[in-house]
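For reference, the structure is listed below as structure tokens.
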Amino acid sequence: MFGKKKEKQETSEQTVQDLIPIRNIYNEMVETKDNRLIKILTVTSVNISLMSRLEQQEVLENYESFLKTIDKPIQVSRVSTPVNLEEYIENLQNDLDKIQNPYKKIMQKSYIWYANNIQEDRDMIRRNRYIVLDESFNGEKSKQEAIRKLAMRCDDYKLKIEEMLQTPKLQARELTNKELENYFHMFYDYQNAQITNIENESATPYIIGRRNLLDTVERLKANNDYYVR
Numbered sequence: 003m004f005g006k007k008k009e010k011q012e013t014s015e016q017t018v019q020d021l022i023p024i025r026n027i028y029n030e031m032v033e034t035k036d037n038r039l040i041k042i043l044t045v046t047s048v049n050i051s052l053m054s055r056l057e058q059q060e061v062l063e064n065y066e067s068f069l070k071t072i073d074k075p076i077q078v079s080r081v082s083t084p085v086n087l088e089e090y091i092e093n094l095q096n097d098l099d100k101i102q103n104p105y106k107k108i109m110q111k112s113y114i115w116y117a118n119n120i121q122e123d124r125d126m127i128r129r130n131r132y133i134v135l136d137e138s139f140n141g142e143k144s145k146q147e148a149i150r151k152l153a154m155r156c157d158d159y160k161l162k163i164e165e166m167l168q169t170p171k172l173q174a175r176e177l178t179n180k181e182l183e184n185y186f187h188m189f190y191d192y193q194n195a196q197i198t199n200i201e202n203e204s205a206t207p208y209i210i211g212r213r214n215l216l217d218t219v220e221r222l223k224a225n226n227d228y229y230v231r
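The numbering used here applies: residue 3 is where the sequence shown begins, and numbers increase by one.
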């Protein structure tokens, strides 16, 4: 009896990574475990609070017209991401070494100090806007057709978005492989995503932060079908 119970437990063991529904990220696409290909467009925004009532009405009417052109389900998402000022601070530091004027040097140091404080404040975020498109497939031949259709839809939506407003113009572009990894890193490991960015476009494992891991362990404990190694 004990031998059979152990064998049953071993066959049901899964790691936390098994819960992530992503099979691969390549060619600016995400392939999921339920046989879907996904492309994500990042879209710039406009501040309608500074517009007149007529300008606001025009923007909303154009957006309504855009929504009427949608013939397949899409996902519109707004994701809060931590501010990353590392490159900006590095540029300030490089400029500091070239400044000779002592007063300008003090001013530059104050900019660096201020930027470092913002960088260390993990509550400082910006909101990015995305449109998520997907195509399903059920085999290798079907996958190639899905890739073609998804690329066409992506180009079509980029054109629609950029033509939506006359002024200010919206811009849309596809996320790169690295940006896609960072996008999902935010959802599965927000705590560590605030500290580190994925810089290497090679295969990067998802790292579960301590807070995320403890929450996940508690959920898995409630389900005897899963086992955390």
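For every residue, glycine included, the Cβ atom is placed at its ideal position computed from N, Cα and C. Since the structure is predicted, the reported quantities are computational estimates derived from the model, not experimental observations.
{"Item": "Check whether Met53 and Ile40 have beta carbons under 8 Å apart", "Value": "no"}
{"Item": "N- and C-terminal bounds of the alpha helix (DSSP H) containing Asp97", "Value": "88-98"}
{"Item": "Nearest to Thr71 (by Cα), restricted to the options Asp158, Asn184, Glu183", "Value": "Asp158"}
{"Item": "Inter-residue Cα distance where the pair is Glu137 and Asn26", "Value": "15 Å"}
{"Item": "Collapsed DSSP secondary structure at Asn26 in the structure displayed", "Value": "strand"}
{"Item": "Reduced DSSP category for Lys41 - H, G, I as helix; E, B as strand; rest coil", "Value": "strand"}
{"Item": "Between the CA atoms of Leu98 and Met188 - distance to the nearest angstrom", "Value": "33 Å"}
{"Item": "C-beta contact flag for Asn64 and Leu167 at 8 Å", "Value": "yes"}
{"Item": "Rounded separation between Arg155 and Leu135 - CA only", "Value": "8 Å"}
{"Item": "Cβ-heavy atom distance, Asn29 to the ligand PLP, below 7 Å", "Value": "Within the structure as shown, the ligand PLP is missing, as the structure has no ligands at all."}
{"Item": "Exposure label - Glu183; buried when at least 16 CB within 10 Å", "Value": "buried"}
{"Item": "The region 75-91 contacting the region 108-120, beta-carbon criterion three pairs below 8 Å", "Value": "yes"}
{"Item": "Anticipated Cβ contact below 8 Å, Tyr132 with Thr44, distance rounded", "Value": "6 Å"}
{"Item": "Counted within 10 angstroms of its Cβ, other Cβ atoms place Glu33 as buried (16 or more) or exposed", "Value": "buried"}
{"Item": "Bridge-paired residues (DSSP) for Asn179", "Value": "Bridge partners of Asn179: none, in fact."}
{"Item": "Among Asn37, Lys107, Asn130, nearest to Ala174 - alpha-carbon criterion", "Value": "Asn130"}
{"Item": "Pair within 8 Å by beta-carbon distance, Val48 and Leu172", "Value": "yes"}
{"Item": "Span separating the alpha-carbon of Ile127 from that of Val81", "Value": "10 Å"}
{"Item": "DSSP three-state assignment for Val81, whether helix, strand or coil", "Value": "strand"}
{"Item": "Helix, strand or coil at Leu172 [DSSP, three-state]", "Value": "coil"}
{"Item": "Bounding residues of the alpha helix (DSSP H) (the contiguous stretch that carries Val61)", "Value": "55-70"}
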